[in-house]
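Working notes, beginning with the structure itself.
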Amino acid sequence: MNADDFRDYMLAFLFLRYLSDNYEQAAKKELGRDYPDPKAIGNGGRSALSVWYGQNRTM
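Mapping the sequence shown onto our numbering, position 44 (from 1) lands on 332, and the numbers just tick up by one.
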(Lines of atoms letter the chains of each structure in order from A and count residues from 1; the text may use other names and numbers.)
(Lines give C-alpha, C1' and ligand atoms only; values in the text may rest on other atoms or scores of the structure.)
Protein backbone atom coordinates (compact mmCIF):
# COMPACT_ATOMS: atom_id res chain seq x y z
CA MET A 1 0.00 0.00 0.00
CA ASN A 2 1.47 3.33 -0.94
CA ALA A 3 1.26 6.46 1.19
CA ASP A 4 -1.61 8.02 -0.76
CA ASP A 5 -3.80 4.92 -0.39
CA PHE A 6 -3.01 4.73 3.32
CA ARG A 7 -3.86 8.42 3.77
CA ASP A 8 -7.24 7.98 2.09
CA TYR A 9 -7.94 4.90 4.20
CA MET A 10 -7.06 6.67 7.46
CA LEU A 11 -8.97 9.84 6.57
CA ALA A 12 -12.11 7.78 6.03
CA PHE A 13 -11.73 6.20 9.49
CA LEU A 14 -11.06 9.56 11.13
CA PHE A 15 -14.18 10.98 9.47
CA LEU A 16 -16.30 8.06 10.69
CA ARG A 17 -14.90 8.53 14.20
CA TYR A 18 -15.77 12.23 14.05
CA LEU A 19 -19.35 11.44 12.98
CA SER A 20 -19.71 8.78 15.65
CA ASP A 21 -18.50 11.07 18.45
CA ASN A 22 -20.74 13.93 17.34
CA TYR A 23 -23.75 11.63 17.04
CA GLU A 24 -23.13 10.30 20.54
CA GLN A 25 -22.85 13.82 21.99
CA ALA A 26 -25.99 14.99 20.18
CA ALA A 27 -27.94 11.96 21.39
CA LYS A 28 -26.77 12.51 24.96
CA LYS A 29 -27.81 16.16 24.80
CA GLU A 30 -31.21 15.32 23.28
CA LEU A 31 -32.04 12.42 25.63
CA GLY A 32 -30.82 14.15 28.79
CA ARG A 33 -31.85 12.06 31.83
CA ASP A 34 -33.06 9.24 29.58
CA TYR A 35 -29.53 8.63 28.27
CA PRO A 36 -28.67 5.15 29.66
CA ASP A 37 -25.52 4.23 31.52
CA PRO A 38 -23.87 1.33 29.63
CA LYS A 39 -22.14 0.22 32.85
CA ALA A 40 -25.41 -0.15 34.75
CA ILE A 41 -26.45 -3.62 35.82
CA GLY A 42 -28.47 -5.28 33.09
CA ASN A 43 -27.01 -3.30 30.21
CA GLY A 44 -24.25 -5.83 29.59
CA GLY A 45 -21.62 -3.27 28.66
CA ARG A 46 -23.39 -2.39 25.40
CA SER A 47 -23.12 1.12 24.05
CA ALA A 48 -25.52 3.62 25.55
CA LEU A 49 -27.40 4.12 22.30
CA SER A 50 -27.84 0.38 21.69
CA VAL A 51 -29.34 0.12 25.19
CA TRP A 52 -31.71 3.03 24.48
CA TYR A 53 -32.76 1.64 21.09
CA GLY A 54 -33.37 -1.76 22.69
CA GLN A 55 -35.64 -0.22 25.31
CA ASN A 56 -37.52 1.99 22.83
CA ARG A 57 -38.31 -0.25 19.90
CA THR A 58 -41.09 0.80 17.58
CA MET A 59 -42.89 -1.45 15.16
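All C-beta atoms in this analysis are idealised placements derived from N, C-alpha and C, irrespective of residue type, glycine included.
Does DSSP classify residue i as helix, strand or coil?
i, result
"R295", "helix"
"Y323", "coil"
"N310", "helix"
Assuming residue i is part of the alpha helix (DSSP H), what are its boundary residues?
i, result
"G342", "336–343"
Compute the distance between the beta-carbons of residue i and residue j, then report whether it is under 7 angstroms.
i, j, result
"A315", "L337", "yes"
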